[in-house]
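Quick notes on the structure that follows.
In my numbering, the protein residues as written are 35 to 293.
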């Protein structure tokens with residue numbers, strides 16, 4: 035079995051082996067995957083963090099040996115904050131890191147991946163829930179505000195609704211599934227919006243009862259979510275209310291407490 039790791043800021047993962055195919059998700063720096071098949075200039079991959087399948091361009095593939103991957107995963111931390119960067123010490127090139135990127139634990143500010151030495155400047159958090167997790171998640175949600183909606187995206191440069199939630203929770207050390215319908219299956223169900231607290235997740239369904247949208251509760255009556263762009267709207271027991279149109283845009287289905 036061949037394994038790979040993302041060693042650039044972001045790699046698009048596509049539904050089919052073509053640059054014209056829709057992007058279903060993204061790999062961020064340090065996220066690992068296994069290669070399940072190959073086709074000309076494309077590799078089909080299975081992501082290790084959220085078990086997602088898709089295709090990446092062969093020229094964006096970087097191999098990591100299983101032993102190195104195991105050591106990396108056992109000592110990994112997650113980057114948060116929008117101003118984190120890596121410097122490749124061998125050539126003085128810089129890599130901008132998005133929130134949710136993964137790097138190894140390190141002393142000082144340097145570490146190696148595949149024998150390449152990096153210098154890190156930024157903030158990171160253990161890949162586990164702590165007392166600071168909720169604060170980090172809520173603070174990082176501000177970095178997504180007014181980001182454009184992008185199907186398959188999960189960074190402040192462009193995101194869909196569940197991609198933003200996955201990344202925000204990851205910055206707080208909590209692993210989440212990629213899609214809203216699966217995210218809605220975990221955590222403790224809250225029956226009433228008045229019993230929810232900032233950091234809880236709200237899920238919304240369509241006319242057929244299929245969950246197709248999610249957002250993060252900021253405080254009583256406010257939600258941040260990606261719809262056209264990442265924005266803050268009013269929310270009540272019926273759903274999301276858009277003040278600019280005077281209409282409800284999403285119907286509330288369930289509330290989940292993860293932290």
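Using N, Cα and C, we set each Cβ at its ideal position, and we do this for glycine too.
For residue 265, count neighbouring Cβ atoms within 10 angstroms of its own Cβ and tell me buried if that reaches 16, exposed if not.
buried
Suppose you measure from the CA of residue 274 to the CA of residue 232; what does that come to, to the nearest Å?
Looking at the two C-alpha atoms, the distance is approximately 16 Å.
Assign residue 44 to buried or exposed, taking buried as 16 or more other Cβ atoms, counted over all protein chains shown, within 10 Å of its Cβ.
buried
Grab me the residues of residue 135's own chain with a C-beta within less than 6 Å of its C-beta, minus the 5 sequence neighbours each way, in chain order.
62, 63, 64, 113
By a C-beta neighbour count over all protein chains shown, 10 Å radius and 16 as the cutoff for buried, is residue 111 buried or exposed?
In this structure residue 111 is buried. Its beta-carbon is surrounded by 16 or more other beta-carbon atoms within 10 angstroms.
Let me make sure I understand the geometry here. Which of 60, 248, 55 has the alpha-carbon closest to that of residue 42?
60
If we ignore side chains and look at the alpha-carbon of each, how far apart do residue 75 and residue 36 end up?
Looking at the two C-alpha atoms, the distance is approximately 16 Å.
What did DSSP end up calling residue 67 once you bin it into helix, strand or coil?
strand
Just to confirm before moving on: does the CB-CB distance between residue 116 and residue 133 stay below 8 Å?
yes
Quick one, are the C-beta atoms of residue 280 and residue 269 less than 8 Å apart?
no
Please check the pair residue 101 and residue 48, which I expect to be a contact at CB under 8 Å, by giving their CB distance rounded to whole angstroms.
About 29 Å separates the two Cβ atoms, so there is no contact after all.
Could you tell me which uninterrupted beta strand (DSSP E) segments, each at least 3 residues in length, are contained entirely in the stretch 58 to 144, listed from first to last along the chain?
66 to 73, 76 to 81, 87 to 91, 110 to 122, 127 to 130, 136 to 138
Using a threshold of 8 Å, state whether the C-beta atoms of residue 259 and residue 249 are closer than that.
yes
Taking the alpha helix (DSSP H) that residue 202 falls in, what are its first and last residues?
195 to 205
Along the alpha helix (DSSP H) that carries residue 276, what are the first and last residues, could you check?
Unbroken run through residue 276 is the beta strand (DSSP E), 273 to 276; no alpha helix (DSSP H).
List the whole-angstrom C-beta distance separating residue 292 from residue 224, where the pair is believed to meet the contact cut-off of C-beta under 8 Å.
That belief does not hold up - the Cβ atoms of residue 292 and residue 224 are roughly 11 Å apart, past 8 Å.
According to DSSP, is residue 178 helix, strand or coil?
helix
Put residue 169 into one of helix, strand or coil per three-state DSSP.
helix
In the DSSP assignment, the alpha helix (DSSP H) including residue 214 goes from what residue to what residue?
214 to 217
Which class does residue 227 belong to by DSSP, given the choice of helix, strand or coil?
helix
Within 8 Å, do at least three Cβ pairs link the stretch 92 to 99 to the stretch 135 to 144?
no
Exposed or buried, what is residue 66 when buried is set at 16 or more other beta-carbons lying within 10 Å of its beta-carbon?
Burial is judged here by how many other beta carbons sit within 10 angstroms of a residue's own beta carbon; residue 66 has at least 16 and is buried.
Starting from residue 37, trace the beta strand (DSSP E) in both directions and tell me its first and last residue.
36 to 39
In or out: residue 158 buried (at least 16 other Cβ within 10 Å) or exposed?
buried
Could you check what DSSP says for residue 46 in three-state terms: helix, strand or coil?
The three-state secondary structure of residue 46, taken from DSSP, is strand.
Name the two residues that bound the continuous beta strand (DSSP E) containing residue 252.
245 to 253
Report yes or no: do three or more beta-carbon pairs, one from the stretch 151 to 171 and one from the stretch 199 to 206, lie closer than 8 Å?
yes
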